[in-house]
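For the sequence shown, position 27 matches number 26 in numbering that gives the first Met the number 0, and the numbering has no gaps at all.
Heads up, the beta-carbon is just placed ideally off N, CA and C, and yes, glycines get one too.
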Amino acid sequence: MSVLALQLAGPLQSWGAASRFARRTTENAPTKSGVIGLLAASLGIERGDDAGLAELAALRFGVRIDQPGARLRDYQSAQHFDTGESMPLSERFYLADAVFVAALEGPAPLIERLHAAVRAPVYLPYLGRRSCPPSRPLDLPDDQSVHQDGDLDAVLARLSWRASDWHQQRHCDRASVDLTVLTEIPPGSNPTSSVQGDVLRDQPLSFDVRHRRHGLRTVRTTTVTVPNPHARPRPAVAAPVPAHDPTTLLESA
């Protein structure tokens, strides 16, 4: 198996897993459905092509939270084009200034095809919603995107920290940082007692607008430690200032 690693960074991101009606929420990290949709758009797979989607949905997925960002709430109003009637006010939630590293594990030929697609996409990729374009290239610099014969967990543990410079500098007093990692547990296996497991409904089954369908998948939460390139050595502890009593000279006079 090979692993494809992508950086997901932008002013705004929104990764919904349970959005309904007028309230469009976002998860704290990219969903598998959202990232698979990004890759499907890059390949030019149409929404009704369930067979093409199934090939991508079979990939194992994981994501590392390099920069959590801040949750932002927005409101959206609209009018019906024909009647002019006002539509219900809707809430939209976003992640501002967040950075993630997403990774997918699968057959080497498919991983290579996906890597080529994100570098020259057929349709514009976006970070969860069309109003959220990426601010960086999706592929990592220095040929860090494709890892032949790699393991998804190992790749997410060793990749360099992709947070913004200003965010890294905020932690300059620390030589390393702990990052949260969410990885998919393959069907049929159970998380160990020492690892937290959660169930999410973001396994894409169909993106057809007439019957969008998503299945359940199990996700485990772990932590990895990566070095901070902006770490600064702490100054040496200064010698204690000797006690000073100005009346000493007067007493000896």
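Exposed or buried, which one is D201 when buried takes at least 16 other CB atoms within 10 Å? When all chains shown are included, D201 counts as buried.
On the premise that A102 lies in contact with V2, defined as a C-beta separation below 8 Å, what is that separation, rounded to the nearest angstrom? About 5 Å separates the CB atoms of V2 and A102; that is less than 8 Å, so the two are in contact.
By the three-class DSSP mapping on this structure, what secondary structure does E45 have? The three-state secondary structure of E45, taken from DSSP, is coil.
Based on DSSP bridge pairs, tell me the residues matched to L155. BP columns for L155 are empty, so no partner.
When you compare the CB positions of T25 and F92, do they come within less than 8 Å of one another, or not? Remark: C-beta atoms of T25 and F92 approach each other more closely than 8 Å.
Helix, strand or coil for E26 per DSSP? When secondary structure is reduced to three states using DSSP, E26 falls in the coil class, being assigned neither helix nor strand.
Counting pairs of Cβ atoms below 8 Å between the segment 37-50 and the segment 113-130, do you hit three or more? With contact defined as three or more Cβ pairs closer than 8 Å, the segment 37-50 and the segment 113-130 are in contact.
Taking the alpha helix (DSSP H) that A107 falls in, what are its first and last residues? Residues 107-118.
I'd like to confirm the pairing. Which residues does DSSP put opposite F80 in its beta bridges? Residue pairing by DSSP places F80 opposite no residue, since no beta bridge is assigned to it.
Please state whether DSSP places R169 in a helix, a strand or coil. It is helical.
Taking a contact to mean a Cβ-Cβ separation below 8 Å, would you say E90 touches R72 in this structure? The answer is yes: Cβ separation under 8 Å.
Three-state secondary structure (DSSP) of D164: In this structure, D164 counts as helix in the three-state DSSP scheme.
Quick test of your reading: L158 and V218, contact by CB under 8 Å. State the CB separation rounded to the nearest angstrom. About 19 Å separates the beta carbons of L158 and V218, which is beyond the 8 Å limit, so they are not a contact pair.
Report yes if the C-beta distance between A4 and V154 is below 8 Å; otherwise report no. Contact: yes.
May I have the straight-line CA-CA distance separating E111 from P140, to the nearest angstrom? Cα-Cα distance, rounded: 16 Å.
Do L42 and V121 come within 8 Å of each other at the CB atom, strictly closer than that value? It is a contact, given that the beta carbons lie within the stated cut-off.
How should A28 be labelled, buried or exposed, when 16 other C-beta atoms within 10 angstroms of its C-beta is the threshold for buried? So A28 ends up on the buried side.
How should P124 be labelled, buried or exposed, when 16 other C-beta atoms within 10 angstroms of its C-beta is the threshold for buried? Burial call: buried.
CA-to-CA distance, A174 to W14, given in whole angstroms: Taking the straight line joining both Cα atoms gives about 31 Å.
With DSSP as the reference, please indicate the residues paired to P203 in a beta bridge. Answer by DSSP bridge pairing, in chain order: H213.
My output table needs one value for A174: the three-state DSSP class, helix, strand or coil. Reduced to three states, the DSSP call for A174 is coil.
Does the separation of the CB atoms of Q12 and A97 fall below 8 Å? Closer than 8 Å, so yes.
Residues in its own chain within less than 7 Å of G68 by CB, not counting five upstream and five downstream? The answer, listed in chain order, is L94, A95, D96, A97.
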